[in-house]
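**Student:**
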Amino acid sequence: MEQLTNHKHKSDILLSGKNITITLSQPEQNTEKLFKNKKCNKCKRERTCDENEKICHTCFKIKTMLKSSGNKVIDDFIIYTQINNDSRRGKLEFVPYEQFKNIKFIARGGFSKIYKATWVDGPIKNWDDIKHKDRNIIRDKNYTVVLKELNKSDNITSEELNELKIFYQIYSDDSANNVLNKTFISKYFGITQDPDTKDIMIIMRYYSSGDLIHYINKNFYKINWEKKLDRLDDIIRGLESLHSLGIIHRDLHSGNILFSNLSTYIGDFGISKSAIESTDNNEIYGIIPYIAPEIFLERKYSEASDIYSFGMIMWEFMTGRRPFWDLNHDAYLIIDICDFLRPPIVTNAPDGYIDLMKECWHSDPEKRPTAAEINTRIWKMRKIEKENFKNNNPTKIIKSPDIGPVTVENNSGAIYKSRSLSLIIQSAISSRSLSVISSSSSRSQSAISLKSSRSRSTIFSRSSRSQSTNFEADKRKSKGNLLVVEGSNRNGYFTKEIEFDINISSNQPSNNGEQYVTKEIDLDINVL
1 MEQLTNHKHK SDILLSGKNI TITLSQPEQN TEKLFKNKKC NKCKRERTCD ENEKICHTCF
61 KIKTMLKSSG NKVIDDFIIY TQINNDSRRG KLEFVPYEQF KNIKFIARGG FSKIYKATWV
121 DGPIKNWDDI KHKDRNIIRD KNYTVVLKEL NKSDNITSEE LNELKIFYQI YSDDSANNVL
181 NKTFISKYFG ITQDPDTKDI MIIMRYYSSG DLIHYINKNF YKINWEKKLD RLDDIIRGLE
241 SLHSLGIIHR DLHSGNILFS NLSTYIGDFG ISKSAIESTD NNEIYGIIPY IAPEIFLERK
301 YSEASDIYSF GMIMWEFMTG RRPFWDLNHD AYLIIDICDF LRPPIVTNAP DGYIDLMKEC
361 WHSDPEKRPT AAEINTRIWK MRKIEKENFK NNNPTKIIKS PDIGPVTVEN NSGAIYKSRS
421 LSLIIQSAIS SRSLSVISSS SSRSQSAISL KSSRSRSTIF SRSSRSQSTN FEADKRKSKG
481 NLLVVEGSNR NGYFTKEIEF DINISSNQPS NNGEQYVTKE IDLDINVL
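Going by UniProt numbering, the sequence shown opens with residue 1, and the numbers climb by one from there.
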C-alpha cells in the first residue's frame, strides 16, 4: 500500500501544478558564469545553473525553446513533465497547430474525433540533451501522428488531462519491473489545439496496422498461433506495467489494442484510474461485452476487472470475432452476463489456452489470475507452440462458419464504442432484482404444491422419462448438426459450447442453417 500511496501523491502533484512557475518565452542571448550543483530557483533541484538566470540548463531551455499554449493548466503540466524527472522518457510538449499538415479525419468516437496528420518538425529525438545548454535539439521531421480531439475541451481542466498523466506516470517510472513492459504502452508526444473549435488535441504515435479489429479482419487466417501468442504476450506485459503502478485501465477492448509491424500496444487511458483513487463520479463508461459482471453489480473497478476484459480479447484472437457480436448490447445482455453468460467455445486452441481464458472471465474476480501469472502461462504456451512449429506440428486453425471475421447486417444493437452505461445498468439491475423476487416467490408456491402432486408425478414418471429420451434423440438425429448446450459449470458461469454428435448411420450433410456475411469491419473509434 505504501508504494501505491506514493503514486497517488505523484498524481496529486500533477493535478495541482502549484510548484511550477516557469514562464515560457522567446530565446534570449545570455552570457553566463556556470555554477555546479546549485539549487535551481525554478525547479528547486540541484543542477548546473548559470549566474545570470539562477536557473538550471533544463529550465533555461524550456523557457527559451519550447512554445507556450497560453493555457496555464496545459503549460504547468507540460513543464512538470520536462523538469520533474531526469529520464528522457515521458516528456511532453505543446505543438502549435500550424506544425501539422495533411490532416485527415479518420473516425468519431463517443468522446473524441480522430485524425491522421504529418508533424512537420516532428518529435524530439534527443531528450537527454535538453539538460545541456550548448546542445541542439534534434527532431524526427515529417513524422506521421494521430491527433485525438477531445470533445468540448476548450476550457480544459487539470483532471481532463488524465490520459497524458497516466502515460507520464508509466513512462517516467524506471523500476526494474516496468522498464521493458512499458514499451507495450502506446506512445504520446504532447498537445496541440484546434484554432477553430479551441478543443484540445492529444498527439500520439500512428500505428500502421491499426487496432485489433482491423488486424484480425485482415490477417485472421494468415497468422498462426505462435504469432497470436506473441501478440497476446505484448498485451499482457503492457497490462502488467499498468497494474505494477496501481493503475486500472477500465476500458480495455479490441479498439484500444494497437499494432505495428513488430509489436502490440495498449492505448487510450482516458478513463484509467489509480486502484486507490477515490472519485465522486459513479458514471460507468465502456463497451458492454468487455465489462466485468461485478461492475454491473455496482462494485469497484479492480485489476481483476481488466483481466476479465483481457479474457474477452483472448476469445477474439481465438475466433476472429468480437464477443457477443450477434446480440444487442442492452440491459438484457447485462442481465445475462451477471447470470454467467459467456461467449461460446467454438474452436480449438493450444493446450491450456481455453482454460486460461475461462479463468480470466471467472464470475468471482478473486479467482481470476493476475497479469503476471497470465504472462508466465502465455510465455510457456508460446515456447511450446514454437517447438511445435519447428516440428511441423503447430496448432491448426480449423476453418468453420463459427470462426473468422464476420458482421451481421443491420445489427445496430451491437455497439462497440465506449459510452455512458449507468442508465442501462440501473435498468438491468432493477429488472434482475424483480426477476429474482419473482423466481423466489414461484419456488415457494412450487414447494407448497409439491407435496400434493408427488403421488401423481410418480405415476407419470416412467412415461415422462421415455418422452424425454425420445426428444433428446430427435435433437441429435442429423450427422454433424451443431448442438448448443447451456448449463452451470465449475467455473461459475455458463457458456454455449458447440458440440458435434456423430451418428454413424446418417449420411446427411452438415448444415446449421446459419448465414454469415463477411466484410471489412469499420474502425472502432475509441482505438486511440
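From the three backbone atoms N, C-alpha and C, an ideal C-beta is built for every residue, glycine too.
Compare the C-beta of residue 313 with all C-beta atoms of chain C and state if any pair is closer than 8 angstroms.
**Tutor:** Protein chains in the displayed structure number just one, and chain C is not present.
**Student:** Could you name the residues that DSSP lists as bridge partners for residue 139?
**Tutor:** Indexing the sequence shown from 1 puts residue 139 at position 139. Residue 139 is bridged to 124.
**Student:** To test your reading of the DSSP string, which unbroken beta strand (DSSP E) runs of 3 or more residues are found completely within the segment 224–259?
**Tutor:** 257–259
**Student:** Which ranges does the beta strand (DSSP E) cover as unbroken runs of at least 3 residues, wholly within the segment 145–232, from first to last along the chain?
**Tutor:** 188–193 and 200–205
**Student:** Is DSSP giving residue 451 helix, strand or coil here?
**Tutor:** Here residue 451 refers to the residue found at position 451 of the sequence shown. Note that residue 451 scores 45 on pLDDT, short of 50, meaning its location in the model is unreliable; the coordinates nonetheless yield the value given after this. The answer is helix: DSSP assigns residue 451 an H, G or I state.
**Student:** Can you find the residues in the same chain that come closer than 7 angstroms, C-beta to C-beta, to residue 122, ignoring five residues on each side of it along the sequence?
**Tutor:** In the sequence shown, residue 122 corresponds to position 122, counting from 1. Closer than 7 angstroms at Cβ, skipping near neighbours: 139, 140, 141, 142 and 143.
**Student:** How would you write the range of the beta strand (DSSP E) that residue 119 sits in, first residue to last?
**Tutor:** Sequence index remark: in the sequence shown, residue 119 carries index 119 (1-based). Counted as a single uninterrupted DSSP element, the beta strand (DSSP E) harbouring residue 119 occupies residues 112–119.
**Student:** Out of 321, 257 and 221, point me to the one whose CA is closest to residue 211's CA.
**Tutor:** Taking the sequence shown and counting its residues from 1, the one referred to as residue 211 is at position 211. Out of 321, 257 and 221, 257 has the C-alpha closest to the C-alpha of residue 211.
**Student:** Tell me whether the segment 305–321 and the segment 248–265 touch, counting them as touching only if at least three CB pairs, one residue from each stretch, are closer than 8 angstroms.
**Tutor:** yes
**Student:** Alpha carbons only, please: which of 249, 192, 261 and 206 is nearest the one belonging to residue 227?
**Tutor:** On the sequence shown, residue 227 is found 227 positions in, with the first residue counted as 1. Looking at the Cα atoms, 261 is the closest of the given residues.
**Student:** Decide if the segment 284–296 is in contact with the segment 414–432; the criterion is three or more beta carbon pairs, one per stretch, under 8 angstroms apart.
**Tutor:** yes
**Student:** Can you name, in chain order, every residue of its own chain whose Cβ lies under 7 angstroms from the Cβ of residue 431, other than the five neighbours on each side?
**Tutor:** By 1-based counting over the sequence shown, the position of residue 431 is 431. Closer than 7 angstroms at Cβ, skipping near neighbours: 331 and 335.
**Student:** Taking the alpha carbon of residue 98 as the point to measure from, which residue in 71, 268 and 120 has its own alpha carbon closest?
**Tutor:** The residue you call residue 98 lines up with position 98 of the sequence shown. Taking only the C-alpha atoms, the option nearest residue 98 is 120.
**Student:** Pick helix, strand or coil for residue 570, following the three-state DSSP scheme.
**Tutor:** Given that the chain is displayed from residue 1 to residue 528, the structure contains no residue 570 and the question cannot be resolved.
**Student:** Inspect the CB distances between the segment 180–195 and the segment 233–243 and report whether three or more fall short of 8 angstroms.
**Tutor:** They touch, by the three-pair rule.
**Student:** If you draw a straight line from the alpha carbon of residue 116 to that of residue 433, how long is it in whole angstroms?
**Tutor:** Here the question's residue 116 lines up with position 116 in the sequence shown. Here the question's residue 433 lines up with position 433 in the sequence shown. Approximately 46 angstroms between the Cα atoms of the pair.
**Student:** Could you give the C-beta distance for residue 292 and residue 365, rounded to a whole number, given that I count them as a contact under 8 angstroms?
**Tutor:** In the sequence shown, counting from the first residue as 1, residue 292 sits at position 292. In the sequence shown, counting from the first residue as 1, residue 365 sits at position 365. Between residue 365 and residue 292 the Cβ distance is about 7 angstroms, and since that is below 8 angstroms, they are a contact.
**Student:** Distance check for residue 415 and residue 318, CA to CA, integer angstroms please.
**Tutor:** Start at 1 with the first residue of the sequence shown, and residue 318 comes out as number 318. Start at 1 with the first residue of the sequence shown, and residue 415 comes out as number 415. For residue 318 and residue 415, the distance between alpha carbons rounds to 21 angstroms.
**Student:** Go ahead and pull the three-state DSSP assignment for residue 285.
**Tutor:** Position 285 of the sequence shown, counted from the start, is the residue given in the question as residue 285. DSSP places residue 285 in strand when its eight states are reduced to three.
**Student:** Are residue 69 and residue 166 close, meaning C-beta to C-beta below 8 angstroms?
**Tutor:** Within the sequence shown, numbered from 1, the residue matching residue 69 stands at position 69. Within the sequence shown, numbered from 1, the residue matching residue 166 stands at position 166. No, they are not a contact pair.
**Student:** Can you give me the start and stop residues for the beta strand (DSSP E) that residue 370 sits inside?
**Tutor:** Looking up residue 370 in the sequence shown gives position 370. Where residue 370 is concerned, there is no enclosing beta strand (DSSP E), given that its DSSP letter is neither H nor E.
**Student:** From residue 463 to residue 224, what does the alpha carbon distance come to, in whole angstroms?
**Tutor:** Stepping through the sequence shown from its first residue, residue 463 is reached at position 463. Stepping through the sequence shown from its first residue, residue 224 is reached at position 224. Its pLDDT being 39, under 50, residue 463 is placed unreliably by the model, and the measurement read from it follows with that caveat. Between residue 463 and residue 224, the C-alpha separation is close to 52 angstroms.
**Student:** At 3 residues or longer, and completely inside the segment 338–402: list those beta strand (DSSP E) runs for me, N to C.
**Tutor:** List check, beta strand (DSSP E) in window: 341–345.
**Student:** Okay, do the segment 297–307 and the segment 193–208 touch, 3+ Cβ pairs below 8 angstroms being the bar?
**Tutor:** no
**Student:** Exposed or buried, residue 188, counting other C-beta atoms within 10 Å across all chains shown (16 or more means buried)?
**Tutor:** Walking along the sequence shown from the start, residue 188 turns up at place 188. Result: buried.
**Student:** Can you look up residue 106 in the DSSP assignment and give me helix, strand or coil?
**Tutor:** For the purposes of this step, residue 106 is taken as residue 106 along the sequence shown, with counting starting at 1. Residue 106 falls in the strand class under three-state DSSP.
**Student:** Are residue 145 and residue 103 touching if we call contact CB-CB under 8 angstroms?
**Tutor:** As a first step, residue 145 is located in the sequence shown; it is residue number 145 there, counting from the start. As a first step, residue 103 is located in the sequence shown; it is residue number 103 there, counting from the start. For residue 145 and residue 103, no; Cβs fall outside 8 angstroms.
**Student:** DSSP three-state call for residue 294: helix, strand or coil?
**Tutor:** Counting from 1 along the sequence shown, the entry for residue 294 is found at position 294. Residue 294: helix per DSSP, three-state reduction.
**Student:** What does the Cβ neighbour count give for residue 426, buried or exposed, with the cut at 16 atoms within 10 Å?
**Tutor:** In the sequence shown, counting from the first residue as 1, residue 426 sits at position 426. Taking all protein chains in view, the Cβ of residue 426 is surrounded by fewer than 16 other Cβ atoms within 10 Å, so the residue is classified as exposed.
**Student:** Going by the beta-carbon positions, is the gap between residue 315 and residue 357 smaller than 8 angstroms?
**Tutor:** Position 315 of the sequence shown, counting from 1, holds the residue named residue 315. Position 357 of the sequence shown, counting from 1, holds the residue named residue 357. Result yes, Cβ atoms of residue 315 and residue 357 sit closer than 8 angstroms.
**Student:** Quick check: residue 328 and residue 413, are their CB atoms within less than 8 angstroms of each other?
**Tutor:** Position 328 of the sequence shown holds residue 328. Position 413 of the sequence shown holds residue 413. Contact flag set, yes.
**Student:** Can you tell me where the alpha helix (DSSP H) holding residue 81 begins and where it ends?
**Tutor:** Translated into the one-based positions of the sequence shown, residue 81 becomes position 81. Run containing residue 81: 72–83, per the alpha helix (DSSP H) assignment.
**Student:** Return helix, strand or coil for residue 43, following the three-state DSSP convention.
**Tutor:** Indexing the sequence shown from 1 puts residue 43 at position 43. Here residue 43 sits in coil by DSSP.
**Student:** Tell me where the beta strand (DSSP E) around residue 407 begins and ends.
**Tutor:** Within the sequence shown, the letter at position 407 stands for residue 407. It is not in any beta strand (DSSP E) - residue 407 carries neither H nor E in the DSSP assignment.
**Student:** Buried or exposed for residue 383, going by 16 or more other Cβ atoms inside 10 Å?
**Tutor:** The sequence position of residue 383 within the sequence shown is 383, counting from 1. Under this definition residue 383 is an exposed residue.
**Student:** Among the candidates 321, 338 and 359, whose CA atom is the shortest distance from the CA of residue 297?
**Tutor:** Here the question's residue 297 lines up with position 297 in the sequence shown. That would be 338, whose Cα lies nearest to the Cα of residue 297.
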